[in-house]
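Trainee: Following this message is one structure expressed as structure tokens.
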Amino acid sequence: MNAIAFKTIGIGVTFSPNLEANINEAARFALCFGSKLVLIHVGEASEEKSKTFLKFLSPFKSKNLDYEVLFKSGDPVDVILSSAQEKKVDLLIIGALKKENFLKYYLGSIARKITRQANCSVLLLINPSIERVPCKHIVVNGLKDPKTKEAVTTAFLVGHKLGVDKVTVVEEIDQDEVSVNVDDDKSLRKSTIIKERLRVREEARVKKILNTIPPDFTKDMVIKSQPIFGKRGYSIGHYAQVARADLLVMNAPAKMTFWDRVFPHDIEYILTELPTDVLIVQ
Amino acid sequence: MKTKETSFRGFIKDLPKNMFSGLVVSLIALPLGLGLAMASEAPPIAGVITAIVGGIIVSVLGGSFVTISGPGNGLVGVVLVAITTLGLSATYAAIICSGIILVILGFLRLGKLADYFPSSAIQGMLAAIGLIILGKQFHIMLANKIVRANGIDYLIEIPNTLFTVINFQDKGLIYAALAGILSLGIMVFYSKIRNKYLQLIPAPMWIVIVSVGFSYYYEMILKMPNPISGNYMIPAIPNIQAIITDIPTPNFEMVGTLPFWSSVVALTLIASIESLLSIKAVDKLDVRKRRSNVNKDIKALGLATVFSGFLGGLNVVTVIARSSVNVNNGGSNRSSNLFHALFLVVFILLFSTELTRIPLTALMAILVYTGYKLASPDVVRRIFTIGKEQLIIFFATLFVTLKVGLISGIVAGLFATFIIHIVITKSLSLFLKNILKPNVLMFKEENGSYFVSVKHFCSFLNFNMLKDKLEAIPEQSDVIVDFSLCGFVDHSVMENIHDYQELFHKKGGNIGVIGLDILGTKSEHPFALRRLLPLQNIISDNKTKRQKSLELIANDFELTYKPLKRRNAEFLEDFIYFKTKKVEHIFNQLSAKNDPCRLFDITFSEGEFIAKEVVRSTMLYIKTPKNVPAFTLDREGLLERLYVLAGYKDIAIKGHADFSKRFYLRGENTKEIRTLFTDELVRFFESNAYYHIESNKDGLLIFNKERVASIKEIKALLDFGIRLNKILTQV
């Protein structure tokens, strides 16, 4: 884990009603981490466009924000991904769309493609706002996975920088690991015992990871670990929603294949129903 | 190892009790088995064979505890169709096939099949089955056998039959019709008369006894032939040798045809639905609150069905009415099911010729009554209070079942429900997009309680996901079910959640449901809304005469009178008397602050599902001053002496031989009970009227008869209670 997590933060910008909010969120993030902000716009450069971007960025200029605006035409997905690679972007910020009349958020098809193919970490914002909304509770996955350690560390780093009060590490335990089906009182007792055992095991594993986190990051924070028995990927999103988390931190998925989209799992669930802001750590 | 030994000893100790309840159950199973088989146009003995095979196999291999298996009401319609289209021997083949499918379903853990059907559709289907039974048998009951094409036609013919019966000229037919009417009367009024001696023998057996007695009366005393027309008597029952030599060979020739498989599917579907509903209902009645292993039971029922089919019997299902009787008579484990089967074997061995003395009309009266129970107006009324749209589902299922058939009926019910859900939510995508998503999250919070959150929608389509999670929670825990992320919750789910709430409550846990209020206001949610609003009491000022008298008594004894219904009567739950009964509410309460006595009318129910009987009674509750041991005191009669034979203990009080002889005293802690029953207390009991008195350590429950008491009786009861309380405080 690199100590300065995100050196360069990228954001794709288009002229939508959310533009100001998106830029504000990205700029705040960049300031918070002391990183450089790259605005990527898909399309021809023009005076007018630059002016609008600068207008929205001006309040942050005084706070010494280091930024760059990039204009490039072409296929949006390709442009954003290639520019991100070119500029060595560590974190790509993408705004989600809100369904009309519903309190549900979803990713547009472009955003979804970018998320799947990006080589850097991705932050999906469900409700970008112009004013700062404090982030209080982070939920991070504690899957048994080599990438988990990094995800957890990043969660604590981000939490430390944003001043969150509480971090919950969620261990999703696959129902299949509880090898007993509940049929009657006896099997119920058995499955309860097995679950308790799995719980203890998972909590011990998470504790190990937590011990490696620099103590600075965990200062003034409530740390909770919560085992959940359920479908991987899906239940953590559900939990984040129930626990009213402000940010969900997830591992980047292993390589996606065609079948992963047909039979969604892990991150794909979250992409179809964004429960809250999601940070996917690469 | 030790627990195993003690459970074995417990099993042996409970054996006499189970034998007794097995006997009582077999008394119903015999006439009912004959009747159900005849209603399905199978040979009468087929029903008894079903019960015997079912009782033996399911009691050995089954996964439930106090259920009784045998031929089911629900299957009458299906078997009837199968026999008329396929013929008897091919029907046996279909029965065997459906048994095999049931076994497979059990192994695939699909015993929960019935969970996928909306409850109003199931109600509609059951009502249709009830009407099919009632419609067809009603004519036979009145000695006017007719043959019509489908269920509705039989119902339409009912007025005609009534008219024909009034104009009967043939004496034999008149007697036959009278026997039917009399038997129906016995069925209807049996549950209303709560006399423990009368209740010892189930109503169907009374019918058998009365009709066999009638036949002997003519033969032995009047030396005349039985006046009931021979056409309306039970055809000859083969004796045991004949049964064994005449075992029919199932005919598998039609295995390649569509009607065969549609019969198999219908048999399997109805058998599994009926069994499942019954198992669920019986689990609610179980005194020991055990959880049945549904899949294991389905496997056993399937296997029993296969054997039954080969031996000339019908589908074996779990039956609610007989199971309820089993629980009420002290059945505590599967051995009662076995005993019921063994007693049936004994009956067939000894009395198979006597059974031909029973008029067919009398037997059909039993079926008409069961049919009526399935389709009673109460069911419609209850569904109406839940919501008008439920009524649409109910009637859609009912009519299609009657007009076309069972499978079409249940499919129509499914579609009706789904379409209504779409219309109510105005969204098809809500269901289509989310149906396969694992929409339920359950986790254990730090304080040990469970949190269950449901997303998107929750209806009969995906209730199994919620059910799986709820099943996996130990019932002693506190659970919160949160529907606030849910756009739609249907009636089937609410009903099932309610069942779980009851189950958890019984075992010391608790389920709280939250998030429905948001739903109700935001989407004008009909089911949730109706379920949440407590039933409004429409008791106005006009009190009945009895209520006015109660007010006067209240003034006399310086008590306050509250006529309104009260639903939470938790102080009654610990009493042994209520172990197999469910308190609905108490009303007409006489009580006072700081007074330990409380007199009230109570409504409680016995049995579940279609075997549910609602009883009203008047009782007195006294909060006892200090720890009085738990005991039950009753007048000792013939029945109590029988109980002693069946393994219940009667505690004798030294030096009071008369008291010990006249009273039946029961309880766990013999020593404490003996110290409580001082000379003074014993003398008090000896010199006063008999009451049923029960202590649950916290309080005493006193009542006389299982009916609402008259004003005079109430005064006597109150007076008795007050004096008893005085003595108890002195002891």
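Just so you know, the protein sequences line up as chains A and B, in that order.
Note that numbering that gives the first Met the number 0 has the first sequence beginning at 0, numbered continuously upward.
Note that numbering that gives the first Met the number 0 has the second sequence beginning at 0, numbered continuously upward.
Just so you know, even glycine gets a beta-carbon here, dropped at the ideal spot from N, CA and C.
Note that this is a predicted model, so its numbers are computed, not measured.
1) Starting from the beta carbon of G61/B, find every residue of chain A whose beta carbon is closer than 9 angstroms, and list them in chain order.
2) So, using beta-carbon positions, are L632/B and L598/B closer together than 8 angstroms?
3) Beta carbon of G329/B, beta carbon of F19/B: below 8 angstroms?
4) How would you label E501/B, buried or exposed, when you count the other beta carbons within 10 angstroms and need 16 or more for buried?
5) For the alpha helix (DSSP H) holding P226/A, just list the boundary residues, first then last.
6) Counting only Cβ pairs nearer than 9 angstroms, list the residues of chain A close to F738/B.
7) Pull out every residue of the stretch 174 to 189 of chain A whose Cβ sits closer than 7 angstroms to any Cβ of chain B, in chain order.
8) Using the beta-carbon of each residue, which ones in chain A are nearer than 8 angstroms to E470/B?
9) Alpha carbon to alpha carbon, how far is G184/B from A651/B? Give it in angstroms, no decimals.
10) Just to confirm my understanding: we take V52/B, look at its own chain, exclude 5 residues before and 5 after, and list those with CB closer than 7 angstroms. What are they?
11) State buried or exposed for P158/B, treating a residue as buried only when at least 16 other CB atoms are found within 10 Å of its CB.
12) Closest Cβ-Cβ distance between T191/A and chain B: below 8 angstroms?
13) Is the CB of E99/A under 8 angstroms away from at least one CB in chain B?
14) Could you spell out where the beta strand (DSSP E) holding T602/B opens and where it closes?
15) Is the Cβ of S522/B closer than 8 angstroms to any Cβ of chain A?
16) Along the chain, where does the alpha helix (DSSP H) that runs through D152/B open and close?
17) Listed in chain order, which residues of the stretch 475 to 499 of chain B have Cβ atoms closer than 8 angstroms to some Cβ of chain A?
18) Identify every run of the alpha helix (DSSP H) within the stretch 639 to 675 of chain B, keeping only runs that are complete inside it and at least 4 residues long; order them along the chain.
19) Take A26/A and list the residues in its own chain whose beta-carbon comes closer than 7 angstroms to its own, dropping the five residues that flank it on each side.
20) Assuming contact is defined by CB atoms lying nearer than 8 angstroms, are I67/B and V286/B in contact in what I supplied?
21) Is it right to say Y215/B is buried, meaning 16 or more other beta carbons lie within 10 angstroms of its own, or is it exposed?
22) Anything in chain A within Cβ reach of N328/B, meaning under 9 angstroms, just list it in chain order.
23) Distance, Cα to Cα, K6/A vs V121/A?
24) Spatial neighbours of E444/B within its chain, please: CB distance less than 7 angstroms, with the 5 preceding and 5 following residues excluded, ordered by chain position.
25) Could you name the residues of chain A that N336/B contacts, counting a contact when the two beta carbons are closer than 9 angstroms?
26) For S476/B, which option in Y560/B, N509/B, S228/B has the closest C-alpha, if you only look at C-alpha atoms?
27) Report the residues of the stretch 81 to 108 of chain B with a CB closer than 8 angstroms to any CB of chain A, ordered along the chain.
28) Run through chain A and tell me which residues come within less than 7 angstroms of S291/B, C-beta to C-beta.
29) Taking C-beta to C-beta, are S322/B and V281/B nearer than 8 angstroms?
30) Applying a beta-carbon distance threshold of less than 9 angstroms, which residues of chain C neighbour S452/B?
31) Excluding the 5 residues preceding and the 5 following L469/B in the sequence, name in chain order all residues of the same chain whose CB lies nearer than 6 angstroms to its CB.
32) Could you give the first and the last residue of the continuous beta strand (DSSP E) run that contains L440/B?
33) Go ahead and pull the three-state DSSP assignment for C485/B.
34) Going by DSSP in three states, Y690/B sits in which element: helix, strand or coil?
35) Residues of chain A with CB closer than 9 angstroms to the CB of K295/B, please, in chain order.
36) Just to make sure I have the definition right: I need the residues of chain A whose C-beta is within less than 8 angstroms of the C-beta of P437/B. Which are they?
Mentor: From the atom records:
1) Within chain A, no residue comes near G61/B; the closest Cβ sits about 11 angstroms away, beyond 9 angstroms.
2) Cβ distance not < 8 angstroms, so L632/B and L598/B don't count as in contact.
3) yes
4) exposed
5) Element bounds for P226/A: not the alpha helix (DSSP H) but the beta strand (DSSP E), 221 to 228.
6) This structure cannot speak to residue 738/B, because chain B is shown only from 0 to 730.
7) N180, V181, D182, D183, D184, L187
8) V181, L187
9) 42 angstroms
10) A303, F306, S307, L310, G312, V315
11) exposed
12) yes
13) The predicted model places E99/A with a pLDDT of 46, which falls under 50 and marks its position as unreliable, so this point remains unresolved.
14) Boundaries of the beta strand (DSSP E) around T602/B: 596 to 605.
15) Low confidence applies to S522/B: its pLDDT is 35, below 50, so where it sits in the model is not reliable, and the reading given next is rough at best. Not closer than 8 angstroms to any Cβ of chain A, the Cβ of S522/B fails to qualify, so no.
16) 150 to 155
17) D481, L484
18) 656 to 661, 669 to 675
19) L36, L56, F59, L64
20) no
21) When all chains shown are included, Y215/B counts as exposed.
22) Within 9 angstroms Cβ-Cβ: nothing; N328/B doesn't reach chain A, min ~24 angstroms.
23) 14 angstroms
24) F450
25) Ordered by position in chain A, no residue passes the 9 angstroms Cβ test against N336/B, which lies about 17 angstroms from the chain.
26) Of the candidates Y560/B, N509/B, S228/B, the residue whose Cα lies closest to the Cα of S476/B is N509/B.
27) R108
28) D183
29) yes
30) Absent from the structure: chain C. Protein chains present are A and B.
31) Y499
32) 439 to 443
33) strand
34) Looking at Y690/B - three-state DSSP - the assignment turns out to be coil, as it is neither helix nor strand.
35) The contacting residues are D182, D183.
36) G229, K230, Y233, S234
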